[in-house]
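The block underneath contains the structure these notes are about, expressed in structure tokens.
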Amino acid sequence: MGEMSRWARTLIVTVSIEPDDPAVVGRIGAYRSLEGLGRFHELCRCYGMRPTYLLTYSAACEARCVEAARAWAEEAEFGAHLHPEEVPPIADAERGNHTLRPGDVAPERLRAKLTNLLDRVAEATGRRPTSFRSGFFGLTPALAAGLAERGVEADSSLGPLEKVGQSSPFLSVPFEPYVIDPAAHPSLVEVPLTSVFRRPFPRALYGAYFRLPGRVRGALRACGLAEIVRFRPAAASARDLLAVCERTARLGIPAVMTVHSNELWPGTSTAVGSQTASDAYYARLERVLAHARARGWASLTLTQAARRAKETAA
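Residue numbers for the sequence shown follow the working numbering, beginning at 20 and rising by one.
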């Protein structure tokens, strides 16, 4: 009971601050979506939620992000978000490669990129970042070691229902925060992104499910037996988002919401392409925040969740 009650009714709101979708806005490195950051933050403030903003290297170079970090320092947490193709040192083959994953980068170059990213975020926010996310669920053992060595306490790159390569050491991921490697890196905690099966699915079968051929998993999803709902306002209906809240409360795990900054302003992502879509997005988001506050949910940042996990593991 103690294990369940520790995380039940806990909301962790995370926002990856990254460039607008170039396929939508027509150029690389645009940040028009930052116009929506104030509206989003005010909504979190209204419902007593403390979000974690995860800045890419280019975001940490934006004056508006620097201003927000200084203005909201006591109301939010500011961490780092790795898009390796934009962090120096940048090889010719990396430049503009938006599908580049940490595992594609040589270890020495990856360490240099990580150092430069964390330094850039620290300079922008005035504080060393203690939370982190890699794109494409791209945590690797080398990256985890680099994070621990540089004082990062919370990673939120993995998800228990997200598909990673069969050779990944993180193929099986718990739903609740956990110390990634108690022996080698006892200070680094994974705070997994939240997704659930739409229908109850035995946990004992999760490992077998992920080892099925892709076409079989697709067939199971298509017939509704293994359909996945992600805790993302851009990818789920209000009904589904609230169902995720209720499911996590029953399971005794935190609900880790994933937001991308280019969803916060119309016309800067494929998910939110118009003002109508934007208003609907914020309405779904507000439904979740109102639900959480009405039921007395706790709001934690990624680092707060990591520290709670370590206290329990000690």
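Note that beta-carbon positions come from the ideal geometry of N, C-alpha and C, so glycine has one too.
- Annotated as distal: E305 and L129, with beta-carbon spacing of 8 angstroms or more.
- When C-beta atoms of the region 313 to 327 are compared with those of the region 251 to 260, fewer than three pairs fall below 8 angstroms, so the two segments do not count as touching.
- Contact between E37 and T75 holds: CB atoms are separated by about 5 angstroms, below the 8 angstroms threshold.
- With fewer than three CB-CB distances shorter than 8 angstroms, the region 224 to 231 does not count as touching the region 260 to 267.
- Under the three-pair Cβ rule at 8 angstroms, the region 84 to 96 counts as touching the region 134 to 147.
- Residues of the same chain with a CB within less than 7 angstroms of the CB of L119, apart from the 5 flanking positions on each side, are P103, E104 and E113 in chain order.
- Taking the C-beta atoms as reference points, R147 is found nearer than 8 angstroms to G170.
- Residue environment for D298: exposed (fewer than 16 other C-beta atoms within 10 angstroms of its C-beta).
- Look at F97 here: in three-state DSSP terms it is strand.
- Exclusion of the five residues before and after P205 leaves V198 as the residues of its chain whose Cβ lies within less than 7 angstroms of its Cβ.
- Counting along the chain, the unbroken beta strand (DSSP E) around T277 starts and ends at A274 to H279.
- If you draw a 10 Å sphere on the C-beta of R234, you find fewer than 16 other C-beta atoms in it, and that means exposed.
- Secondary structure note for D298: its alpha helix (DSSP H) is the uninterrupted segment Q294 to A313.
- With 16 or more other Cβ atoms from the protein chains shown falling within 10 Å of its own Cβ, S150 counts as buried.
- The alpha-carbon separation between D200 and T322 amounts to approximately 17 angstroms.
- DSSP places H204 in the strand class (E or B) of the three-state scheme.
- Using a Cβ distance threshold of 8 angstroms, S214 and G178 count as a contacting pair.
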